[in-house]
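There are 2 protein chains.
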Amino acid sequence: MQESVELSESECEALLRAGVVGRVAISTPDGPHIVPVNYAVVDSRVIVRTTPYSVLGSNARGAVLAFEVDGFDHERQRGWSVVARGRSEVVHDAEELEQVRKVWEPRPWAAGTRSLYVAIPWTQVSGRRLGGTWDPMSTLPSRRVL
Amino acid sequence: MQESVELSESECEALLRAGVVGRVAISTPDGPHIVPVNYAVVDSRVIVRTTPYSVLGSNARGAVLAFEVDGFDHERQRGWSVVARGRSEVVHDAEELEQVRKVWEPRPWAAGTRSLYVAIPWTQVSGRRLGGTWDPMSTLPSRRVL
């Protein structure tokens, strides 16, 4: 079995910035939901796109959200995860949107109009890895070129 | 870009049963949290192990939880995800625990005493995949032998 090792804040941020797919958790009146999403980090905010009437679109405005990325190596039974939490904001400002789109437009995976840009400016970030000495960054299957 | 296709309930359940690592979302007084976990499915319940004083251990008893598993193929930009939701229960009954341990004991990845077994008997399960005709089950990096 593997020891759980805390990641430093800078390791967490580097992994957040390098990722492409994550999951958002949101509390709703009927309990928590998890939504897998493509995402990008712009400045110090996780940005996800959604539709206004989705679980995320209809509950996320101004709510505290938790966002998670992780990676697992099943063969070696090791893995890492990073969770960022903060109160979400809808991105409205045209200049801001343009800046977000520069990072984003390359390619969302899913088809459909996702006109709502939700930002999570994180106020807490934490992460851990299982196992001794290895670099989670080296295991990313895909990473953004920044 | 890929079309999003709904998975059938039986596809969802098969993927749930085959998985090894997932994430639990939980609503707490300070907002939602996401916790990556090893898990097993016993009967129609997701079982996770935790410590009594963790975020999960101290908030999960009797609460509605959302549990997610997914898989992504970054090269082909496709993926799948399944979310199961239900009200959690702590497993106390000795016979039940024994049954759970039969499936479970093989090997939790993380070290540490995780004495609390939390069951999520799901009442809702849904899933989707991105992309045309392919079988998410074929992409699992690891699966339980049942």
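Sequence order for the protein chains is A and B. For the first sequence, position 37 (counting from the first letter as 1) is numbered 37 according to this note's numbering, and the numbering increases by one without interruption. For the second sequence, position 5 (counting from the first letter as 1) is numbered 1005 according to this note's numbering, and the numbering increases by one without interruption. Think of the CB as a built atom: it goes at the ideal place given N, C-alpha and C, for glycine as much as any other residue. All figures in this text were calculated on a predicted structure; none of them were measured in a lab.
Selection from the options that minimises the alpha carbon distance to residue i
i                       : options                        : result
residue 131 of chain A  : A/72, A/114, A/55              : A/72
residue 1009 of chain B : B/1040, B/1137, B/1127         : B/1127
residue 138 of chain A  : A/96, A/123, A/79              : A/79
residue 57 of chain A   : A/133, A/88, A/43              : A/88
residue 1053 of chain B : B/1038, B/1085, B/1115, B/1016 : B/1115
residue 1065 of chain B : A/5, A/133, A/32               : A/32
residue 1133 of chain B : B/1076, B/1100, B/1101         : B/1076
residue 99 of chain A   : A/43, A/68, A/140              : A/43
residue 1155 of chain B : B/1036, B/1135, B/1113         : Given a span of 1001 to 1146 for chain B in the structure shown, any question on residue 1155 of chain B remains unanswerable.
residue 1038 of chain B : A/18, A/38, A/74               : A/74
Check whether residue i and residue j have beta carbons under 9 Å apart
i                     : j                       : result
residue 41 of chain A : residue 103 of chain A  : yes
residue 90 of chain A : residue 118 of chain A  : yes
residue 84 of chain A : residue 46 of chain A   : yes
residue 68 of chain A : residue 1036 of chain B : yes
Chain-order list of residues whose beta-carbon lies under 6 Å from that of residue i (same chain, five-residue window excluded)
i                       : result
residue 1034 of chain B : 1023, 1025
residue 12 of chain A   : 82, 125, 127
residue 70 of chain A   : 81
residue 1086 of chain B : 1120, 1121, 1122, 1123
Close-in-space but distant-in-sequence residues of the same chain around residue i (CB under 8 Å, 5 per side omitted)
i                       : result
residue 28 of chain A   : 55, 59
residue 62 of chain A   : 87, 88, 89
residue 97 of chain A   : 91, 117
residue 1135 of chain B : none
residue 1014 of chain B : 1137
Would you mind listing the alpha helix (DSSP H) stretches within the stretch 33-69 of chain A that are 4+ residues and don't spill past its ends, in chain order? 55-59
Could you name each continuous beta strand (DSSP E) segment of 3 residues or more that falls completely within the stretch 72-128 of chain A, going from the start of the chain to the end? 78-87, 116-121
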